[in-house]
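Structure, as structure tokens:
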Amino acid sequence: MRLTYTSDVWWKNAVIYCLDVETFKDGNDDGVGDFRGLTQQIDYLAGLGVTCLWLMPFFPTPNRDDGYDITDFYSIDPRLGTLGDFVEFMRTAHDRGLRVIADLVVNHTSDQHPWFQEARSSKDSPRRDWYVWSDTPEPDDPSKVPFPDKENSFWEYDEGSGQYYLHSFYRHQPDLNVGNPEVKDEIARILGFWMELGLSGFRVDAVPFLIENIDPKLANPHEFLADLRAFMMRRNGGAILLGEVNVPYKELLRYFGDGLGDQITMCFDFIGMQQAWLSMAREDAAPLAAALRERPKPPKDCQWAIFLRNHDELTLDKLTEEERQEIFRAFGPREDMQIFGRGLRRRLPTMLGGDLRRIKMAYSLLFSMPGTPVIFYGEEIGMGENLDEEGRMAVRIPMQWSEDGGFSQAEPVREMAAGSFAPDRVNVADQKRDTNSLLRWFQLLIERYRECPELAWGEYTVLDSGHKAVLAHRSDVDGATVVIAHNFCDTAVDVQLTLHGLERCYLTDLLVDETLEVSAESTVRVPLGPHGCRWLRASPPELPPEDASAKAM
Ligand code: NOJ
Numbered sequence: 203m204r205l206t207y208t209s210d211v212w213w214k215n216a217v218i219y220c221l222d223v224e225t226f227k228d229g230n231d232d233g234v235g236d237f238r239g240l241t242q243q244i245d246y247l248a249g250l251g252v253t254c255l256w257l258m259p260f261f262p263t264p265n266r267d268d269g270y271d272i273t274d275f276y277s278i279d280p281r282l283g284t285l286g287d288f289v290e291f292m293r294t295a296h297d298r299g300l301r302v303i304a305d306l307v308v309n310h311t312s313d314q315h316p317w318f319q320e321a322r323s324s325k326d327s328p329r330r331d332w333y334v335w336s337d338t339p340e341p342d343d344p345s346k347v348p349f350p351d352k353e354n355s356f357w358e359y360d361e362g363s364g365q366y367y368l369h370s371f372y373r374h375q376p377d378l379n380v381g382n383p384e385v386k387d388e389i390a391r392i393l394g395f396w397m398e399l400g401l402s403g404f405r406v407d408a409v410p411f412l413i414e415n416i417d418p419k420l421a422n423p424h425e426f427l428a429d430l431r432a433f434m435m436r437r438n439g440g441a442i443l444l445g446e447v448n449v450p451y452k453e454l455l456r457y458f459g460d461g462l463g464d465q466i467t468m469c470f471d472f473i474g475m476q477q478a479w480l481s482m483a484r485e486d487a488a489p490l491a492a493a494l495r496e497r498p499k500p501p502k503d504c505q506w507a508i509f510l511r512n513h514d515e516l517t518l519d520k521l522t523e524e525e526r527q528e529i530f531r532a533f534g535p536r537e538d539m540q541i542f543g544r545g546l547r548r549r550l551p552t553m554l555g556g557d558l559r560r561i562k563m564a565y566s567l568l569f570s571m572p573g574t575p576v577i578f579y580g581e582e583i584g585m586g587e588n589l590d591e592e593g594r595m596a597v598r599i600p601m602q603w604s605e606d607g608g609f610s611q612a613e614p615v616r617e618m619a620a621g622s623f624a625p626d627r628v629n630v631a632d633q634k635r636d637t638n639s640l641l642r643w644f645q646l647l648i649e650r651y652r653e654c655p656e657l658a659w660g661e662y663t664v665l666d667s668g669h670k671a672v673l674a675h676r677s678d679v680d681g682a683t684v685v686i687a688h689n690f691c692d693t694a695v696d697v698q699l700t701l702h703g704l705e706r707c708y709l710t711d712l713l714v715d716e717t718l719e720v721s722a723e724s725t726v727r728v729p730l731g732p733h734g735c736r737w738l739r740a741s742p743p744e745l746p747p748e749d750a751s752a753k754a755m
């Protein structure tokens, strides 16, 4: 594939790194991370190989939902720095070739936002219709509220003005009425503002909730997304919308804009993620294989975003109760590890018992599943969680830079992990010096992922591995092929794969020094260690493997 093309459509094989400025690096030693601290770590991020940073909300906030409750969309939380610091950060990131996207949280505002204060001041307020009000809300289903520990309804009565307002999330987060043309214009203005300061796009928070307030009798809710995307593309044709769209596959294509692909550029694969965890719990590749087979193909230039963990709970909401319980038993049996009755508030390495082989296999899977990988800060060094922190904050703890923490000279904003995941056991400085570390593994996986555009761009086929624990797939593009195999169980296995069209080809292992040969009957025996993984590039006997790569023209 031509690099001139893959770099235009850069998001299709990007490596996205999500971080919270507040917990990444403190530059002024007040215990809170900030833009100055983050800027000083840009070389670390560039050296890791990631290509795009996703910043969690960094706007002024009363901080009752860790910044997802915004009081001003056009400035910076003063604890994190100033607009000047932001611009300096952006310039430095761009200098090192990193793109930056940020959370776009416009399903709701904080109830402290001046817009809501104005809206609630009277029924006649010019901003009244910026939010969603009702005298007699439809009775709602408490089992559907996203945060059942704190809420049991989507409606809250506003004493002052005598009506109920809608809040899809916490009651202090009133929903914006995005069906109102002024609100729609304002949202475009927010996008335009941050793009002017250099952002390459947005991670759009809670997309299905965002458009559900638009009355379908008045307008097609999906037109809102198409208009937003069109606005963004007019301003910058290379900008993206990365959508939090946790809906079943059959409903998902609509969010990409069906065949047109003119709405959300990339959607997180929540279904594949949950099935991957089920496969890991069962040591059985079947659930993930079925998801990959069933997953619809995104429209041209759209893409799946692949993740195993993020900043929220590990949601298992699309599994059956029985499947969820299986995962709870395997990876989070204690009640304090579970949350909202549907998820786990743990990071991946603790769930996998700190077993480096399993952890490395899980990330190899992440980087080789068809799509664009998204990682959460600290995953690259195998950070754990701190369950003493409230709710989802357990996984949003300060980055562990060195033995003594290295995040701040002051008492950090949140507690770090303890025990065998404490900074003296898990930190960046040590892992940089250790060639077997998880950090080095990430660097290798990222390098190989970038060298194998087949993985993101190719047509993939899930192969029949003949072994319950082994997921094997191949990705083909422009006559180049990579074959991938993962062993979900803890004993060594040999599988025989049939690779049509690759008769007598060599398969060069891209992770270790080994070459396999495909027989004239198109079969190959692939040995896999316990929790082993193989990334194999196919090349005909007369071609060195580099020349068989999809990187060649
Ligand atoms: C989704 C975000 O990922 C989550 O962290 C937040 O609490 C809700 N949206 C509400 O904004």
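In the working numbering, each residue carries its 1-based index in the sequence shown increased by 202. For every residue, glycine included, the Cβ atom is placed at its ideal position computed from N, Cα and C.
| Item | Value |
| --- | --- |
| Top-ranked residue by Cα proximity to Leu247, from Arg739, Met618, Glu582 and Ile686 | Glu582 |
| Beta bridge counterpart(s) of Gly545 as assigned by DSSP | Thr517 and Ile541 |
| Contacting residues, own chain, Cβ-Cβ under 8 angstroms from Thr208 (five flanking each side not counted) | Lys214, Asn215, Pro655 and Trp659 |
| Cβ-based burial, Lys386 [other Cβ within 10 Å; buried from 16] | buried |
| Contacts around Pro344, its chain only, beta-carbon distance under 6 angstroms, and the 5 residues preceding and following it disregarded | Asn354 |
| Buried versus exposed, by CB contacts within 10 Å (16 or more), Thr552 | buried |
| Close beta carbons around Met755, own chain, < 7 angstroms, minus the five adjacent residues each side | Only weak support is given to the placement of Met755: the predicted model assigns it a pLDDT of 48, under 50, and the question is left unresolved by the model. |
| Reference Gly440; option with closest CA among Leu454, Tyr457 and Phe404 | Phe404 |
| Range of the contiguous alpha helix (DSSP H) that encloses Thr206 | Leu205 to Asp210 |
| Those residues which DSSP pairs with Asp715 across a bridge | Beta-bridge pairing links Asp715 to no other residue. |
| Own chain partners of Asp514 with C-beta closer than 7 angstroms, once the 5 adjacent residues on each side are dropped | Arg594 |
| Cross-strand partners of Asp626 (DSSP beta bridge) | Answer is none; Asp626 lacks a bridge partner. |
| DSSP three-state assignment for Val289, whether helix, strand or coil | helix |
| Beta bridge counterpart(s) of His310 as assigned by DSSP | Asp377 |
| The alpha helix (DSSP H) enclosing His424, as first and last residue numbers | Pro423 to Arg437 |
| Whether Val380 touches Asn415 by CB criterion (8 angstroms) | yes |
| Which listed residue (Lys502, Glu528, Asp231 and Gly283) has its alpha carbon closest to that of Gln477 | Glu528 |
| Where Arg636 falls, given that 16 or more other Cβ within 10 Å makes a residue buried | As written in the sequence, residue 636 is Asp, which differs from the Arg given in the question. Classification of Asp636: exposed, given that the 10 Å Cβ count is below 16. |
| Ile529 - DSSP class collapsed to helix/strand/coil | helix |
| Euclidean distance between Cα positions of Ser604 and Asn629 | 5 angstroms |
| Val217 - partner residues in DSSP beta bridges | Bridge partners of Val217: none, in fact. |
| Where the alpha helix (DSSP H) containing Pro328 begins and where it ends | It is not in any alpha helix (DSSP H) - Pro328 carries neither H nor E in the DSSP assignment. |
| Reduced DSSP category for Ile272 - H, G, I as helix; E, B as strand; rest coil | coil |
| Cβ-Cβ separation, Arg598 to Thr225 (assumed contact under 8 angstroms), whole Å | 6 angstroms |
| Same chain, Cβ closer than 8 angstroms to Arg808, neighbours up to 5 away in sequence not counted | What is shown of the chain runs 203 to 755, which leaves residue 808 out entirely. |
| Cβ-heavy atom distance, Tyr457 to ligand 1, below 7 angstroms | no |
| Contact under 8 angstroms by Cβ, Ser327 with Thr273 | no |
| Any 3 or more C-beta pairs closer than 8 angstroms across the segment 488-496 and the segment 663-683 | yes |
| Run of the alpha helix (DSSP H) containing Ala564, from where it starts to where it stops | Leu558 to Ser570 |
| Cβ contact (3+ pairs, closer than 8 angstroms) linking the segment 302-321 and the segment 260-276 | yes |
| Contact test: Val307 Cβ vs ligand 1 heavy atom, cutoff 7 angstroms | yes |
| Element boundaries [beta strand (DSSP E), containing Gln365] | Gln365 to Leu368 |
| Same chain, Cβ closer than 8 angstroms to Pro450, five either side skipped, listed in chain order | Ile473 and Lys520 |
| Phe404 in three-state terms, based on DSSP | strand |
| Sufficient close CB pairs (3 or more, under 8 angstroms) joining the segment 698-713 to the segment 568-581 | no |
| Cβ contact (3+ pairs, closer than 8 angstroms) linking the segment 555-575 and the segment 366-374 | no |
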